[in-house]
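For reference, each letter of the sequence shown is one residue, going -19 to -1, 1 to 551 in mature numbering (1 follows the signal peptide of the UniProt record, and there is no 0). The beta carbon of each residue, even a glycine, is placed where N, CA and C say it ideally should be. Structure first, commentary second.
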Amino acid sequence: MKVLFLYSFPLVLLFTACSGTRSTTSLPVNPYEYTIQKKVTGTNGAVVSAHPLASEIGVAIMKQGGNAIDAAIATQLALAVVYPGAGNIGGGGFTVIRLANGSNITIDYREKAPATAHRDMYLDKSGNAQTELSQNGHLAAGVPGTIAGLFDCMKYARLPFKKLIQPAIDLAEKGFVLTASEAKNLNGNKDEFIKYNTVTPVFVKPGGWKAGDTLVQQDLANTLKRIRDNGAKGFYEGETARLIVEEMKRANGIISYDDLKNYEAKEREPVVFGYKTYKIITMPLPSSGGILLPQMMYMIEDQPVKQYGFQSAQAVQLMTEIERRAYADRAKYLGDADFYKVPVKKLTSKAYALERMKDYNAQTAGSSQTTQAGVITESEETTHFNVYDKNGNAVSVTTTLNGSYGSKTVVGGAGFLLNNEMDDFSIKPGVPNMYGAIGADANAIAPGKRMLSSMTPTIVLKDNKPFLIAGTPGGTTITTSVFQTLVNIMEFELSTEDAVNKPKFHHQWLPDEIFVEAEFPQAVRQQLKQMGYKVTQRSSIGRTEVIRINANGVIEAVADNRGDDAAASY
């Protein structure tokens, strides 16, 4: 195997398979030799995603006459093959679309609780929360929504679905070369793959994986073929559904035939709000981002954050206190609005945002003991990608299995991982989920209910045309990462690369501490500590993907340096 690291601008990494040349006849990309480009520009279209092969496939679809929606569908299916830690057909997600004709569309294909799920299903006889059951194995899985969501997107696509899914089938059947980080991640989860599976999955390799190895997923290819030939029924009914239910029966899972057959994606009313001269489009509930992002943008809109300067102690302190207040509201009020009355209009009003900032003190740290929810009268191994085409169509997609490799359970004979999204419910009021988020009754488990999500796919308009397409994985850090990226560009006027790659910070009310990345300035940390904050370093916060459409028509796509994420354009 040969791996070349070329640190010219833009950053490019070349990966070549260990073994000799293989057939790639029908694939628009070479899965055995590819590059990772962190920044690209173009004038016809661009894709930025968690994997270079997925990004290149999306661009290839546009070159073949597809629009941004076609490219998004093909990209998402490719990610289900080449990025198994989060790309998926066994999970769910949200899609935000801005069509060239000015229409805004949001599609919710979040997983749902099975019909036999109940509020106390993860409590032992003493009423204690058993988080192991909600985070790993068969019982952690919600009813998958990804395939239903893709077919809902098809009404806005141009090309036949069979053309969009074929690259993913070929990648699964012929295999693709692993990067060093992908090999490391698979090896790191080997014990869990063995523990939580009734059939040893293809992800387990005796002796372990290494960079340059080829991963072939024949069972997954067969499942994708059933979807190609039978549409959504190829997943929710027939052989694939039988395999899912049989997998459930081999352990303690509760997803049934009826749960699968009855699943539907939903088009919802987009959240659209103004920020100065911009208009921002994002996802409504069950995405908490549709509440938190407008809240935070409204809270900062009238503050002199630009005057404070990028990553000054004053700016970080202000944004921390904004994040604290928004996440306090998240914990108390947010859940599936189909099941629980959420005061959306109040929470997303400018007046409420101003009210929440009345007790803000620019000199000292606030307290999460005294900052409660306002009075009303997220592994983070999610994945995000963006697409933009020459006609002006923009697509922002966040999709997930929840934790890295979801429940760690692969459907025997079907080759795909199931999510562990049930952990995103509040399994017991006051008990934190795997990301430390606290919830209440609004996000309690109920049959058929969609669990609260942090995913925040976002499109920003300038002069009523797409200007930014943004999003990130990261669990509860998703919304704060999107918030900081938008502020970095729209207030601090950072370049797209700096807005994406500069070190980030995060506060989520509880625990009451500011999380910062390793590169976060030490001097600023000290100033924050002097104000009374607890500052905790963590390895990484988010992996933000951004497409920026400049006034001269140049499309700029930037992938986060924190992973193998890659941009492609033409």
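In this structure residue 454 does not touch residue 537 by the C-beta definition: roughly 21 Å separates them, more than the 8 Å allowed. Residue 326 sits exposed, since fewer than 16 C-beta atoms from the chains shown fall within 10 Å of its C-beta. Distance between residue 71 and residue 33, taken at the CA atoms: about 22 Å. Per DSSP, the beta-bridge partners of residue 367 are 29 and 377. Residue ranges of uninterrupted beta strand (DSSP E) with 3 or more members, entirely inside the region 228 to 260 and ordered along the chain, are 247 to 249 and 252 to 256. Residue 543 is bridged by DSSP to nothing; it lacks a bridge partner. Its chain contains 291 as the residues whose beta carbon lies nearer than 6 Å to that of residue 473, once the 5 sequence neighbours on both sides are disregarded; these appear in chain order. Under DSSP, residue 390 forms no beta bridge with any residue. Per DSSP, the continuous beta strand (DSSP E) segment holding residue 527 begins and ends at 526 to 530. Looking only at 468, 156 and 31, the smallest Cα-Cα distance to residue 483 is reached by 468.
Sorting 533, 499, 396 and 236 by C-alpha distance to the C-alpha of residue 205 places 396 at the top. In this structure, DSSP gives residue 447 an extended state, which the three-state scheme calls strand. In this structure, DSSP gives residue 196 an extended state, which the three-state scheme calls strand.
Sequence-distant partners of residue 369 (beyond 5 residues in either direction) whose C-beta falls short of 7 Å from its own C-beta, in its chain, are 26, 27, 49, 375, 447, 450, 528, 530 and 536. Fewer than three pairs of CB atoms, one per stretch, sit closer than 8 Å, so the region 172 to 186 makes no contact with the region 144 to 155. Just measuring C-alpha positions, the residue of 137, 286 and 506 sitting nearest residue 82 is 137. If you draw a straight line from the Cα of residue 338 to the Cα of residue 296, it comes to about 15 Å.
Setting aside the 5 residues that flank it on each side, residue 153 is surrounded in the same chain by 62, 197, 198, 199, 201, 202, 205 and 396, each with a C-beta closer than 8 Å to its C-beta; the list follows chain order.
In the same chain as residue 372, and ignoring 5 residues on each side of it, the C-beta atoms closer than 7 Å to its own belong to 48 and 81, in chain order. The C-alpha of residue 488 is placed about 30 Å away from the C-alpha of residue 120. The DSSP-derived three-state label of residue 271 is helix.
Under the three-state reduction of DSSP, residue 137 is assigned to helix.
In this structure, the beta-carbon distance from residue 348 to residue 91 does not fall below 9 Å. Excluding the 5 residues flanking it on each side, residue 462 has same chain C-beta neighbours closer than 7 Å at 453, 455, 485, 522, 523 and 525, in chain order. Between residue 546 and residue 29, the C-beta gap is smaller than 9 Å, which places the two residues in contact.
Residue environment for residue 65: buried (at least 16 other C-beta atoms within 10 angstroms of its C-beta).
In the structure shown, residue 289 adopts helical secondary structure according to DSSP, grouped into three states.
Here residue 151 has 7 and 8 as same chain residues with Cβ atoms under 6 Å from its own Cβ, once five neighbours each way along the sequence are excluded. Take residue 161, set aside five residues on each side of it, and the residues of its chain with a beta-carbon closer than 7 Å to its own are 192, in chain order. In its chain, beyond the 5 residues on either side, 129 have a beta carbon closer than 7 Å to the beta carbon of residue 245. Counting only the Cα atoms, residue 441 lies some 42 Å from residue 172. With respect to residue 232, residue 316 sits apart: the two C-beta atoms are not nearer than 9 Å. Residue 366 sits close to residue 57, with the two beta carbons spaced by under 9 Å. For residue 301, the three-state secondary structure derived from DSSP is helix. Annotated three-state conformation of residue 318 is coil, per DSSP.
Pairing residue 432 with residue 381 gives a Cβ-Cβ distance that is not under 9 Å.
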